[in-house]
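Numbering-wise (our numbering), the sequence shown opens with residue 3 and increments by one. Just so you know, even glycine gets a beta-carbon here, dropped at the ideal spot from N, CA and C.
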Amino acid sequence: MTLAPCILCVEDEPSLRRDLVDELIDAGYQVLEACNGRQALELLKTQQPDLVLSDVNMPDLDGLDMLQELRASDLPTSQVPFIFLTANGAKTDIIRGRELGADDYLIKPVDYDLLLSLLRSRLQRVVRARSRVETDLKAAQQKIEKLMGESLASTLAGRPALVPWLRSLREPVDLLFVRPGDVQFMDVTRSADHQHRSLQSLFASLRQIVPGGEARLYDMAPNLYAMPLPRHANRDALVRGLDQLRDQQLLLDGSPVRLRSTMIIAPFDPDPADADGIDAFIDEAMVALHLARRDNVDEVVVLTATAAEQMRLLRHVEEALPRAIANGE
């Protein structure tokens, strides 16, 4: 069931405020009450009425000053429709109110038939405006997702494209290897569309962290990707940014999705005399990513020479252990 529109009634005279509130409730509206502009502004920090009905002359903070503060604020309600009630209808007040963004004026004593008619008209405009905004936002989101999908599809290459690209380099780079987590689980529970859109969002965030990076992504294996990065002068800052992104929570269709990605930074220094070493370099980085994922390493790993040597030793032990046990060694 659709909730009735909510109106904030701001009036310092208790008896008149009570009459206004009763009329609005009888007409089917939800009503919030405030006795002056200061109290109304406090309410507007936590409540989001569809329209404000306010007296002009009030103690502490009058209606015009309240409207000025509201319009200048960054509150979600800063542009809420505003109707003033005034006893004298002074021309200067009306002009100032219009300049501040008041939508209409009614002269006291209040003609309730006219008031209710005016409220219906203004609220219908609110509904139409919100509908247009929602339609525009939905269309914009669909366009963004389409462009991201086209961009992802057009830039995604595989290992056969990465190897010659690395072979052609003359300057050192870093390769970021990424394994987004729980994608298979998401695929089952949330549909493949969620998986695709989650990856789009992740890669878009990566490109924001490293705007100078290579535009392409390399699809190295199922759910394993590589992204070239320029050699970063402050690698610690890069790692901190990636660490924040690694465990990011995405909102897809209003539902939270946490990827918990595993990330490895593998520094690559071109060596024309060792062109065949590129495949070994990639294999080493992918094994490091697998081990970090398996061991639930909770940080971005930089594959330094020391870390690579430790990993090779670990692999040697793991490979030799079954044979040693079989031989009783």
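Cβ shell of residue i (< 7 angstroms), same chain only, five flanking positions each side left out
i, result
"Asp96", "The displayed chain sequence assigns Ile, not Asp, to residue 96. Around Ile96: Tyr107."
"Ala287", "Leu177, Phe179, Ile266, Ala268, Leu305"
"Leu125", "Pro7, Asp52, Leu53"
"Asp57", "Val12, Glu13, Asp14, Gly65, Leu87"
"Gly183", "Leu261, Arg262, Ser263, Thr264"
"Arg73", "Ser80, Leu102, Gly103"
"Leu118", "Ala29"
Proximal residues to residue i (C-beta, below 6 angstroms), its chain only, five neighbours per side dropped
i, result
"Ser207", "Leu247"
"Ala328", "none"
"Val332", "Since the first and last residues shown for the chain are 3 and 331, residue 332 lies out of range."
"Asp62", "Asn38, Arg40"
"Met222", "Arg161, Ala228"
"Asp285", "none"
"Trp167", "none"
"Val112", "none"
"Thr191", "Residue confidence is low: Thr191 scores 47 on pLDDT, short of 50, so the model does not pin down where it sits. No coordinate-derived value is stated."
For residue i, three-class secondary structure by DSSP
i, result
"Tyr31", "coil"
"Leu68", "For the sequence presented, residue 68 should be read as Met rather than Leu. Note: Met68 maps to helix in three-state DSSP."
"Leu171", "coil"
"Pro83", "coil"
"Thr306", "coil"
"Leu108", "strand"
"Val58", "coil"
"Asp24", "helix"
"Pro51", "coil"
"Val180", "strand"
"Pro7", "coil"
"Asp221", "strand"
"Pro274", "helix"
"Ala89", "coil"
"Val12", "strand"
"Leu226", "strand"
"Pro269", "strand"
"Gly103", "coil"
"Leu231", "strand"
"Glu152", "Note that Glu152 scores 47 on pLDDT, short of 50, meaning its location in the model is unreliable and no value can be drawn from it."
"Pro243", "Note on identity: in this sequence residue 243 is Gly, with Pro being the wrong assignment. In this structure, Gly243 counts as helix in the three-state DSSP scheme."
"Gly279", "helix"
"Gly39", "helix"
Expected contact under 8 angstroms - CB spacing of residue i and residue j to nearest Å
i, j, result
"Thr264", "Leu291", "6 angstroms"
"Asp105", "Pro78", "No, Asp105 and Pro78 are not in contact; Cβ-Cβ is about 18 angstroms, not under 8 angstroms."
"Pro272", "Leu164", "So it is not a contact: roughly 14 angstroms between Cβ atoms."
"Ile280", "Arg161", "Not confirmed; about 10 angstroms, so no contact."
"Leu34", "Ile85", "Not a contact, Cβ separation roughly 14 angstroms."
"Leu55", "Ile9", "6 angstroms"
"Arg181", "Arg295", "6 angstroms"
"Lys110", "Ala89", "5 angstroms"
Neighbourhood of residue i by C-beta, 8 angstroms cutoff - its chain only, sequence neighbours within 5 removed
i, result
"Arg98", "Leu66"
"Ala326", "none"
"Leu116", "Leu108"
"Arg127", "Pro83"
"Val2", "Lying before the first or after the last residue shown, residue 2 is absent from the chain, which here runs from 3 to 331."
The segment 41-54 contacting the segment 16-25, beta-carbon criterion three pairs below 8 angstroms: No, they do not touch.
Count Cβ pairs between the segment 133-143 and the segment 32-42 that sit closer than 8 angstroms; are there 3 or more? no
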